[in-house]
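Asker:
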Amino acid sequence: MNKALLDTMVGQVIRVDRGGPNAAVGKLLKAGNDYFVLLTKKDGVILYTTHHVKSITLDSKDQGASSVTVPEGLEGLFDEDNLKGVLCKIGRRWVKINPEKLEGVLNEVCDDYLTIIFKEEIIYVSMFHLRNIIISGTSSSGEENNEESDNNESENSSGGRRRRRR
């Protein structure tokens with residue numbers, strides 16, 4: 161997909177790919193030279209690399225993600241024309257990469273690879289093999305996010321009720 165075509169679709173609801181793990185429906189926010197930004201109800205902000213996208217469907221009836229808003233703190237991140245520039249701006253945010261949902265804190269962005277930190281691991285990911293990147297809305301460490309969700313799950317598993325002693 162080229163930038164000129166994608167520029168004509170900015171602001172509209174599109175479907176990326178027809179199915180499979182990379183497929184998503186959302187509002188096209190920005191088209192860069194080698195990437196585009198999709199805002200979805202399910203995953204929030206997703207960056208797609210254009211060279212891995214097989215198809216884009218534009219459906220005038222499909223308004224599923226038109227009411228979704230960009231999470232706070234992400235508004236100015238997509239001013240760059242290339243993916244590397246956007247990834248450098250993202251900084252230390254929690255990301256999920258590709259259909260495998262490789263996740264962690266984006267640490268470093270180089271010409272050929274980027275690094276993700278997950279717990280005690282440093283993961284090197286080839287820039288060429290990036291398909292999509294889901295960006296967390298907050299700029300905090302993933303371990304804090306995991307701890308919060310673990311705490312919420314333990315509270316939810318008890319039904320949120322506390323027994324009173326008599």
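According to this note's numbering, the sequence shown is numbered sequentially starting from 161. Glycine residues also receive a C-beta, built at the ideal position from the N, C-alpha and C atoms. Computed from a predicted structure; not experimentally measured.
Near Val197, what residues of its chain come up, given a Cβ to Cβ distance below 7 Å and the 5 sequence neighbours on each side ignored?
Answerer: Only Leu189, Lys190, Val205, Leu207, Phe238 meet the Cβ criterion.
Asker: Using a Cβ distance threshold of 8 Å, determine whether the segment 177-184 contacts the segment 235-253, with at least three qualifying pairs required.
Answerer: The segment 177-184 is not in contact with the segment 235-253.
Asker: Quick one: what does DSSP say Ser299 is sitting in, helix, strand or coil?
Answerer: Legend: pLDDT at Ser299 = 44, less than 50; position of this residue unreliable, value from coordinates given subsequently. Correct three-state label for Ser299: coil.
Asker: Can you tell which of Ile216, Ile276, Asn162, Thr217 has the C-alpha that lies nearest to the C-alpha of Leu290?
Answerer: Considering only alpha carbons, the answer is Ile276.
Asker: Measuring CA to CA, which of Lys214, Lys256, Tyr273 is closest to Asp203?
Answerer: Comparing Cα-Cα distances from Asp203 to each of Lys214, Lys256, Tyr273, the minimum goes to Lys256.
Asker: Under 8 Å by Cβ, that's how I've got Leu243 and Gly192 pegged, so tell me the actual separation to the nearest angstrom.
Answerer: With 8 Å as the limit, Leu243 and Gly192 qualify as a contact, their Cβ atoms being about 7 Å apart.
Asker: May I have a chain-ordered list of the beta strand (DSSP E) segments no shorter than 3 residues that lie completely inside the segment 176-214?
Answerer: As far as the segment 176-214 is concerned, its whole beta strand (DSSP E) runs of at least 3 residues are 184-191, 195-200, 204-209.
Asker: Give the DSSP bridge partners of Phe278, in chain order.
Answerer: Note: Phe278 sits in a beta bridge opposite Glu281.
Asker: Rounded to a whole number of angstroms, what is the C-alpha to C-alpha distance between Val285 and Leu165?
Answerer: Computed Cα separation, rounded: 28 Å.
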